[in-house]
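Visitor: Below you will find the structure I want to go over with you.
Number of protein chains: 2
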Amino acid sequence: MQSRSTGTTVSAGSSTKDAIRDAALELFRAKGFEQTSLREVADVVGITKASLYYHYASKQDLLGAIIDPIIEHMRSMAAEVDGIRWSGASVRTVLRDYLRGIVRHRHAGALLLRDTVAIINALNDRYPDWVDSTEQLRGWLAGPVPTDESKLRAVAALEVITVALVSTEYAPGAPDELVEGILLDCAVTVLDGFADR
Amino acid sequence: MQSRSTGTTVSAGSSTKDAIRDAALELFRAKGFEQTSLREVADVVGITKASLYYHYASKQDLLGAIIDPIIEHMRSMAAEVDGIRWSGASVRTVLRDYLRGIVRHRHAGALLLRDTVAIINALNDRYPDWVDSTEQLRGWLAGPVPTDESKLRAVAALEVITVALVSTEYAPGAPDELVEGILLDCAVTVLDGFADR
DNA sequence: GTCTATATACCGATAGAC
DNA sequence: GTCTATCGGTATATAGAC
Numbered sequence: 001m002q003s004r005s006t007g008t009t010v011s012a013g014s015s016t017k018d019a020i021r022d023a024a025l026e027l028f029r030a031k032g033f034e035q036t037s038l039r040e041v042a043d044v045v046g047i048t049k050a051s052l053y054y055h056y057a058s059k060q061d062l063l064g065a066i067i068d069p070i071i072e073h074m075r076s077m078a079a080e081v082d083g084i085r086w087s088g089a090s091v092r093t094v095l096r097d098y099l100r101g102i103v104r105h106r107h108a109g110a111l112l113l114r115d116t117v118a119i120i121n122a123l124n125d126r127y128p129d130w131v132d133s134t135e136q137l138r139g140w141l142a143g144p145v146p147t148d149e150s151k152l153r154a155v156a157a158l159e160v161i162t163v164a165l166v167s168t169e170y171a172p173g174a175p176d177e178l179v180e181g182i183l184l185d186c187a188v189t190v191l192d193g194f195a196d197r
Numbered sequence: 198m199q200s201r202s203t204g205t206t207v208s209a210g211s212s213t214k215d216a217i218r219d220a221a222l223e224l225f226r227a228k229g230f231e232q233t234s235l236r237e238v239a240d241v242v243g244i245t246k247a248s249l250y251y252h253y254a255s256k257q258d259l260l261g262a263i264i265d266p267i268i269e270h271m272r273s274m275a276a277e278v279d280g281i282r283w284s285g286a287s288v289r290t291v292l293r294d295y296l297r298g299i300v301r302h303r304h305a306g307a308l309l310l311r312d313t314v315a316i317i318n319a320l321n322d323r324y325p326d327w328v329d330s331t332e333q334l335r336g337w338l339a340g341p342v343p344t345d346e347s348k349l350r351a352v353a354a355l356e357v358i359t360v361a362l363v364s365t366e367y368a369p370g371a372p373d374e375l376v377e378g379i380l381l382d383c384a385v386t387v388l389d390g391f392a393d394r
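Right under this line is the structure:
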């Protein structure tokens, strides 16, 4: 659909469309979605705003290209959890899988975490059931007989997971395996109320 | 500076200036700071946009009136921590005080948490050293000899504390004392790596 | 203190030439 | 696929009457 064409220097082996997406992610993360104009994105890429519209039909489309993968990950986790019996072991497995996906989509996740209001406002037409997904996962983690305490611990555990999104800022040298191990331990501990190692 | 004047019916025992601040906080929380226009705020209060500018010199001024108290709390915690020797007991005390302040400024805190990028962008002139404050608290919590693990655990512990900002959404019936007790336990546990109760 | 009216600027999006 | 030019809308902020 997109010919590799002649050896133009848009970006190392990447199309203009991808270059726009990458530049937008960087700017959205630094300045926020609403605070970033498409003119600024186009300037970074080296094209005009009108050219950008050739590749993306709207600003929401561009945001969708960035956010889609991590939203899909969250949605699939919520669906998967529906058929899993709650237990100490399955809780750890679910949190581990969730954490791994978060790490994989780290950059988009950091945007989603820090600019939640603007992004949800812009994309609640595209993802009408995203809030329900997060709610479902939270409810499952709180256990079959939720109490105020187990609900709060579930929220706290998910909050701990999100630290993976910004781990490179605070522990730049730590490899992903270490980050995943520590945060999974923290999240499980928060849910249980005591460590099980 | 602001005469109580005659008994006008601006709001129950409150000035117009306060009514503007309260309406703005509610709208900013629901729609985000940048997504909320001063015209909308003025409409809720029942005045025009021009009248609003009589009370607040700019949109940033209005945001500052909302955010100032919690920023000041964070700054004072960071300053206080500078003279405290790090220990298991002092860590718990600091986290408890921090958590109590967060609960006290819950509404402004929830705005700050969910619209971080927009708010920091709007107010980084007014609070040039706010990021340093949070960094200082985080560094102290990580202990006298920080490792990648202790740094990550410090970030995670502070992240757990922020759950207090949205606790009323997920555990509406829980009293503040219960919320504070649970979250303090979670945060301390995350920092230690095992419970100490 | 509140109003109407307006200045100024930028935004997202489109039209149409090349 | 990229450009120039522009439309329609809305935003913050101000001027000046009452």
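Chains as they are written, first to last, in the working numbering: chain A, 1 to 197; chain B, 198 to 394.
Cβ coordinates follow ideal geometry from the N, Cα and C atoms, glycine included.
These numbers come from a predicted model, not from an experiment.
Output, in sequence order along the chain, the residues in the region 306-318 of chain B whose CB is closer than 7 Å to any CB in chain A.
Guide: R311, D312, T313, V314, A315, N318
Visitor: Excluding sequence positions up to five away, which residues of its chain have a Cβ less than 7 Å from the Cβ of A/P144?
Guide: Mapped onto the first sequence, residue 144 of chain A falls at position 144. W86, listed in sequence order.
Visitor: Roughly how far, in whole angstroms, is the beta-carbon of A/G64 from the beta-carbon of A/L123, given that I think they are within contact range, below 8 Å?
Guide: As a first step, residue 64 of chain A is located in the first sequence; it is residue number 64 there, counting from the start. As a first step, residue 123 of chain A is located in the first sequence; it is residue number 123 there, counting from the start. For a cut-off of 8 Å, the C-beta gap from A/G64 to A/L123 is around 7 Å, short enough to register as a contact.
Visitor: Please go through the same chain and pick out, in chain order, the residues whose beta-carbon is closer than 6 Å to the beta-carbon of A/M74, but skip the five residues on each side of it.
Guide: Taking the first sequence and counting its residues from 1, the one referred to as residue 74 of chain A is at position 74. The answer, listed in chain order, is S133.
Visitor: Give the straight-line distance between the Cα atoms of B/L309 and B/R226, rounded to the nearest whole angstrom.
Guide: Along the second sequence, read from residue 1 onward, the residue named residue 309 of chain B stands at position 112. Along the second sequence, read from residue 1 onward, the residue named residue 226 of chain B stands at position 29. Cα-Cα distance, rounded: 9 Å.
Visitor: Tell me, to the nearest whole angstrom, how far the beta carbon of A/V163 is from that of A/L183; I am working on the premise that it is less than 8 Å.
Guide: Within the first sequence, residue 163 of chain A is the residue found at index 163, counting from 1. Within the first sequence, residue 183 of chain A is the residue found at index 183, counting from 1. Confirmed, about 6 Å.
Visitor: Any chance you could list the alpha helix (DSSP H) runs of at least 4 consecutive residues sitting entirely within the region 117-162 of chain A, in chain order?
Guide: 130-141, 148-161
Visitor: Where does the unbroken alpha helix (DSSP H) through B/R145 begin, and where does it stop?
Guide: Past the edges of chain B, shown from 198 to 394, lies residue 145 of chain B, and the structure says nothing about it.
Visitor: Can you grab the Cα-Cα spacing for the pair B/Y253 / B/D215, in whole Å?
Guide: Taking the second sequence and counting its residues from 1, the one referred to as residue 253 of chain B is at position 56. Taking the second sequence and counting its residues from 1, the one referred to as residue 215 of chain B is at position 18. Approximately 11 Å between the Cα atoms of the pair.
Visitor: Do A/L95 and A/I161 have their C-beta atoms within less than 8 Å of each other?
Guide: On the first sequence, residue 95 of chain A is found 95 positions in, with the first residue counted as 1. On the first sequence, residue 161 of chain A is found 161 positions in, with the first residue counted as 1. Going by C-beta atoms, A/L95 is nearer than 8 Å to A/I161.
Visitor: Using only the alpha-carbon positions, how far apart do B/A371 and A/A154 sit?
Guide: Taking the first residue of the second sequence as 1, we reach residue 371 of chain B at position 174. Taking the first residue of the first sequence as 1, we reach residue 154 of chain A at position 154. Near 15 Å, if we compare the C-alpha coordinates of A/A154 and B/A371.
Visitor: Within 10 Å of its beta-carbon, does A/S76 have 16 or more other beta-carbons around it, so buried, or fewer, so exposed?
Guide: What you label residue 76 of chain A is simply residue 76 of the first sequence in a count that begins at 1. So A/S76 counts as exposed.
Visitor: Express the C-alpha separation of B/G390 and B/I268 in angstroms, rounding to a whole number.
Guide: Locating residue 268 of chain B in the second sequence gives position 71, where the first residue counts as 1. Locating residue 390 of chain B in the second sequence gives position 193, where the first residue counts as 1. Straight-line Cα distance between these residues: approximately 29 Å.
Visitor: Would A/A195 pass as an interface residue toward chain B - the criterion being a Cβ-Cβ separation below 8 Å?
Guide: Position 195 of the first sequence holds residue 195 of chain A. Confidence at A/A195 is low in this model, with a pLDDT of 46, below 50, so the placement of that residue is unreliable and no value is reported for it.
Visitor: Interface residues of chain A around B/Q232 at Cβ under 8 Å?
Guide: On the second sequence, residue 232 of chain B is found 35 positions in, with the first residue counted as 1. Neighbours of B/Q232 on chain A, chain order: E34, V117, A118, N121.
Visitor: Checking 8 Å against the spacing of the C-beta atoms, do B/G306 and B/L362 come in under that value?
Guide: Mapped onto the second sequence, residue 306 of chain B falls at position 109. Mapped onto the second sequence, residue 362 of chain B falls at position 165. Yes. Within cutoff.
Visitor: Once DSSP output is grouped into helix, strand and coil, what is the label at B/F230?
Guide: Stepping through the second sequence from its first residue, residue 230 of chain B is reached at position 33. B/F230 falls in the coil class under three-state DSSP.
Visitor: So the candidates are A/Q60, A/K49, A/S51, A/A42; which of them puts its Cα closest to the Cα of A/E34?
Guide: Reading the first sequence from its first residue, position 34 is the one you call residue 34 of chain A. Considering only alpha carbons, the answer is A/Q60.
Visitor: Our contact map puts B/A275 next to B/L224 with C-beta atoms below 8 Å; I'd like the distance itself, whole angstroms only.
Guide: Stepping through the second sequence from its first residue, residue 275 of chain B is reached at position 78. Stepping through the second sequence from its first residue, residue 224 of chain B is reached at position 27. Taking 8 Å as the upper bound for CB-CB distance, B/A275 and B/L224 are not in contact here, some 30 Å apart.
Visitor: To the nearest angstrom, report how far apart B/P343 and B/G336 are at their CA atoms.
Guide: For the purposes of this step, residue 343 of chain B is taken as the residue at position 146 of the second sequence. For the purposes of this step, residue 336 of chain B is taken as the residue at position 139 of the second sequence. Taking the straight line joining both Cα atoms gives about 8 Å.
Visitor: Rounded to whole angstroms, what is the Cα-Cα separation between A/A187 and A/D148?
Guide: As a working note, residue 187 of chain A is residue 187 in the first sequence. As a working note, residue 148 of chain A is residue 148 in the first sequence. Distance between the alpha carbons of A/A187 and A/D148: 17 Å.
Visitor: Along chain B, which residues have their Cβ under 8 Å away from the Cβ of A/L183?
Guide: Along the first sequence, read from residue 1 onward, the residue named residue 183 of chain A stands at position 183. For a Cβ distance threshold of 8 Å, residue set L349, A353 of chain B lies close to A/L183, ordered along the chain.
Visitor: Only counting the same chain, and skipping five residues up and downstream in sequence, which positions put a Cβ closer than 8 Å to that of A/I212?
Guide: Because chain A spans 1 through 197 in this model, residue 212 of chain A falls outside it and cannot be assessed.
Visitor: Any C-beta of chain B within less than 8 Å: which residues of the region 160-176 of chain A qualify?
Guide: Against chain B - using a Cβ distance shorter than 8 Å - the residues of the region 160-176 of chain A are V160, T162, V163, V166, S167, Y170, A171, G173, A174.
Visitor: Within its chain, find whatever has a CB closer than 8 Å to the CB of A/H105; leave out the 5 residues flanking it on each side and keep chain order.
Guide: Walking along the first sequence from the start, residue 105 of chain A turns up at place 105. Answer for A/H105: P69, I70, H73, listed in chain order.
Visitor: Compare the beta carbon distance of B/V376 and A/L152 with 8 Å and say whether it is the shorter of the two.
Guide: As a working mapping, residue 376 of chain B is identified with position 179 in the second sequence. As a working mapping, residue 152 of chain A is identified with position 152 in the first sequence. Between B/V376 and A/L152, the C-beta spacing is below 8 Å.
Visitor: Quick check on B/R282: does DSSP put it in helix, strand or coil?
Guide: The count along the second sequence starts at 1 and reaches residue 282 of chain B at position 85. Coil at B/R282, not helix or strand.
Visitor: Taking 8 Å as the CB-CB limit, is A/S3 close to chain B?
Guide: By 1-based counting over the first sequence, the position of residue 3 of chain A is 3. Annotation note: pLDDT 41 at A/S3 (below 50); position unreliable, coordinate value reported separately. Chain B, which has no Cβ nearer than 8 Å to the Cβ of A/S3, makes this no.
Visitor: Beta-carbon within less than 6 Å of A/A42's beta-carbon, same chain only, minus the 5 sequence neighbours each way: which residues are those?
Guide: For the purposes of this step, residue 42 of chain A is identified with residue 42 of the first sequence, where counting begins at 1. Cβ neighbours of A/A42 beyond the five flanking positions: T48, K49, L52.
Visitor: Going along chain B, which residues have a C-beta under 8 Å from A/V190?
Guide: Within the first sequence, residue 190 of chain A is the residue found at index 190, counting from 1. The contacting residues are V357, C383, T386, V387.
Visitor: Using C-beta distances below 8 Å, list every residue in its chain close to A/H107, excluding the 5 sequence neighbours before and after it, in chain order.
Guide: Here residue 107 of chain A refers to the residue found at position 107 when the first sequence is read from its first residue. L25, R29.
Visitor: In three-state terms, what does DSSP make of A/D18?
Guide: Numbered from 1 along the first sequence, position 18 holds the residue referred to as residue 18 of chain A. Helix, per DSSP.
Visitor: Distance, Cα to Cα, B/S364 vs A/V44?
Guide: As a working mapping, residue 364 of chain B is identified with position 167 in the second sequence. As a working mapping, residue 44 of chain A is identified with position 44 in the first sequence. Going from the Cα of B/S364 to the Cα of A/V44 covers about 41 Å.
Visitor: A/E149 CB to nearest chain B CB: under 8 Å?
Guide: Working through the first sequence from its first residue, we reach residue 149 of chain A at position 149. By this cut-off, A/E149 is an interface position.
Visitor: Between which residues of its own chain and A/L38 is the CB-CB distance below 7 Å, once the five residues before and five after are set aside?
Guide: By one-based count along the first sequence, residue 38 of chain A stands at place 38. When the five nearest sequence neighbours on each side are left out, the beta carbons in the same chain lying within less than 7 Å of the beta carbon of A/L38 are those of K49, L52, K59, in order along the chain.
Visitor: Are the beta-carbon atoms of A/E159 and B/E356 separated by less than 8 Å?
Guide: Translated into positions along the first sequence, residue 159 of chain A becomes position 159. Translated into positions along the second sequence, residue 356 of chain B becomes position 159. Yes, they are a contact pair.
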